[in-house]
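Enquirer:
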Ligand SMILES: [Zn+2]
């Protein structure tokens, strides 16, 4: 398998860990080059922090948490520093994101689904597909809401490390955060219909005009592409 340059464009510190960390760990294990780009500064994510903590202190803390999380991938995230809730399809944001995209020139891109629950997630998703020319995979929505996957990556072995990465974001994580994500990854594992796949991350490929061999862009799982996601016909 050729060495891929993988770019994960995610809005806030902690989104990469929640949505794609297991798959990125697998890419790293298989010798691919992984880049993590965090578009927004995370200032609105007060989490458990008291009201007297300033926005600039929150930004600093969340950067440190993101650096600690990404260490498990052996990378340092690139922070684009766009203020939370201020990611718009305007010239400035467009230039910021496209410059990063041009610098990286990735083979494959991961970002949020365009219907994810948060306005910043939806805005970044639109921007990424508008400034990219290589295949884009959308990662699962929060709680899997309105997300019908095309592809699955087995993260059974990677799940414990993914959870450690997530817990580095201690200012944000609630007791049930890890449980909710583990449950979603378990559901996706069940959908693979393979007893050895306990946990999986699920993705949709952004459809453009030309077919791509999408499985060749995902980490090598050494199993047959398991599932054709098509409705089955009922006999009558
Ligand atoms: Zn987010």
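Residue numbers (our numbering): 196 to 431.
All C-beta atoms in this analysis are idealised placements derived from N, C-alpha and C, irrespective of residue type, glycine included.
Quick one: does the C-beta of residue 207 sit closer than 7 Å to a heavy atom of ligand 1?
Expert: Reading the chain shown from its first residue, position 12 is the one you call residue 207. It does: the Cβ of residue 207 is within 7 Å (strictly closer) of some heavy atom of ligand 1.
Enquirer: So, for residue 423: in the same chain, excluding its five sequence neighbours on each side, which residues have a beta-carbon less than 8 Å away from its beta-carbon?
Expert: Sequence index remark: in the chain shown, residue 423 carries index 228 (1-based). Here the model assigns residue 423 a pLDDT of 49, short of 50, so the residue's position is not dependable and the matter cannot be decided.
Enquirer: From the beta carbon of residue 405, is the nearest beta carbon of chain C less than 8 Å away?
Expert: Of the protein chains in the structure, only one exists, and it is not chain C.
Enquirer: To the nearest whole angstrom, what separates the beta carbons of residue 308 and residue 320, a pair I think is in contact under 8 Å?
Expert: Taking the first residue of the chain shown as 1, we reach residue 308 at position 113. Taking the first residue of the chain shown as 1, we reach residue 320 at position 125. The Cβ separation is near 6 Å, so the contact holds.
Enquirer: How many whole angstroms separate the CB atoms of residue 302 and residue 413, which I take to be in contact at a CB cut-off of 8 Å?
Expert: Indexing the chain shown from 1 puts residue 302 at position 107. Indexing the chain shown from 1 puts residue 413 at position 218. Not quite, the Cβ-Cβ distance comes to about 11 Å (not below 8 Å), so this is no contact.
Enquirer: With which residues is residue 202 paired in a DSSP beta bridge?
Expert: For the purposes of this step, residue 202 is taken as the residue at position 7 of the chain shown. BP columns for residue 202 point to 230, 304.
Enquirer: List the endpoints of the continuous alpha helix (DSSP H) containing residue 210.
Expert: The residue you call residue 210 lines up with position 15 of the chain shown. Residues 210–224.
Enquirer: Relative to the alpha-carbon of residue 245, which residue among 366, 399, 223 has its alpha-carbon at the smallest distance?
Expert: The sequence position of residue 245 within the chain shown is 50, counting from 1. The option with the nearest alpha carbon to residue 245 is 366.
Enquirer: Which stretch, first to last residue, makes up the beta strand (DSSP E) that contains residue 395?
Expert: In the chain shown, residue 395 corresponds to position 200, counting from 1. First-last of the beta strand (DSSP E) with residue 395: 395–400.
Enquirer: Kindly indicate which three-state DSSP category residue 412 falls into: helix, strand or coil?
Expert: As a working mapping, residue 412 is identified with position 217 in the chain shown. Three-state DSSP puts residue 412 in a helix.
Enquirer: Using 8 Å for Cβ pairs, my map puts residue 235 next to residue 277. What's the rounded Cβ distance?
Expert: Mapped onto the chain shown, residue 235 falls at position 40. Mapped onto the chain shown, residue 277 falls at position 82. Right, the Cβ-Cβ distance comes to about 5 Å (below 8 Å), so this counts as a contact.
Enquirer: So residue 359 is in the alpha helix (DSSP H); what residue range does that whole segment cover?
Expert: On the chain shown, residue 359 is found 164 positions in, with the first residue counted as 1. Note, residue 359: alpha helix (DSSP H), 354–362.
Enquirer: Using the Cβ count rule (16 or more neighbours within 10 Å means buried), how would you classify residue 405?
Expert: Taking the first residue of the chain shown as 1, we reach residue 405 at position 210. So residue 405 counts as exposed.
Enquirer: Could you pull the DSSP bridge partners for residue 266 from this structure?
Expert: Locating residue 266 in the chain shown gives position 71, counting from the first residue. Answer by DSSP bridge pairing: none, since residue 266 is not bridged.
Enquirer: Would you please state the rounded distance, in angstroms, between the beta carbons of residue 324 and residue 275? I believe it to be under 8 Å.
Expert: For the purposes of this step, residue 324 is taken as residue 129 along the chain shown, with counting starting at 1. For the purposes of this step, residue 275 is taken as residue 80 along the chain shown, with counting starting at 1. No, residue 324 and residue 275 are not in contact; Cβ-Cβ is about 17 Å, not under 8 Å.
Enquirer: Is the beta carbon of residue 313 within less than 7 Å of some heavy atom of ligand 1?
Expert: Locating residue 313 in the chain shown gives position 118, counting from the first residue. Correct: residue 313 has its Cβ closer than 7 Å to ligand 1.
Enquirer: Could you have a look at residue 407 and say whether DSSP puts it in helix, strand or coil?
Expert: Taking the chain shown and counting its residues from 1, the one referred to as residue 407 is at position 212. Coil.
Enquirer: Is the beta carbon of residue 263 sitting closer than 8 Å to the one on residue 271?
Expert: Here residue 263 refers to the residue found at position 68 when the chain shown is read from its first residue. Here residue 271 refers to the residue found at position 76 when the chain shown is read from its first residue. No, these two residues do not count as a Cβ contact at 8 Å.
Enquirer: If I measure Cβ to Cβ from residue 362 and keep anything under 8 Å in the same chain, skipping five residues before and after, which residues do I get?
Expert: Within the chain shown, the letter at position 167 stands for residue 362. So the list reads 368, 373, once near-sequence residues are dropped.
Enquirer: Under 8 Å, do residue 364 and residue 212 count as touching if we go by C-beta distance?
Expert: Taking the chain shown and counting its residues from 1, one reaches residue 364 at position 169. Taking the chain shown and counting its residues from 1, one reaches residue 212 at position 17. The answer is yes: Cβ separation under 8 Å.
Enquirer: Could you name each continuous alpha helix (DSSP H) segment of 4 residues or more that falls completely within the stretch 278–344, going from the start of the chain to the end?
Expert: Taking only runs of at least 4 residues, the alpha helix (DSSP H) segments lying wholly in the stretch 278–344 are 286–299, 314–326.
Enquirer: Mind checking whether the beta-carbon of residue 243 lies closer than 7 Å to any heavy atom of ligand 1?
Expert: Along the chain shown, read from residue 1 onward, the residue named residue 243 stands at position 48. No, since every heavy atom of ligand 1 falls outside the 7 Å radius drawn around the Cβ of residue 243.
Enquirer: Leaving out the 5 sequence neighbours to the left and right, which residues in its chain are closer than 7 Å to residue 242 when beta-carbon positions are compared?
Expert: Taking the chain shown and counting its residues from 1, one reaches residue 242 at position 47. Cβ within range, chain order: 366, 367.
Enquirer: Between the stretch 328–346 and the stretch 372–389, do three or more beta carbon pairs fall short of 8 Å?
Expert: Counting Cβ pairs under 8 Å, three or more are found: they touch.
Enquirer: Which same chain residues end up closer than 7 Å to residue 227 when comparing Cβ atoms and leaving out the 5 residues on each side of it in sequence?
Expert: On the chain shown, position 32 is the one that residue 227 refers to. Cβ within range, chain order: 198, 199, 201.
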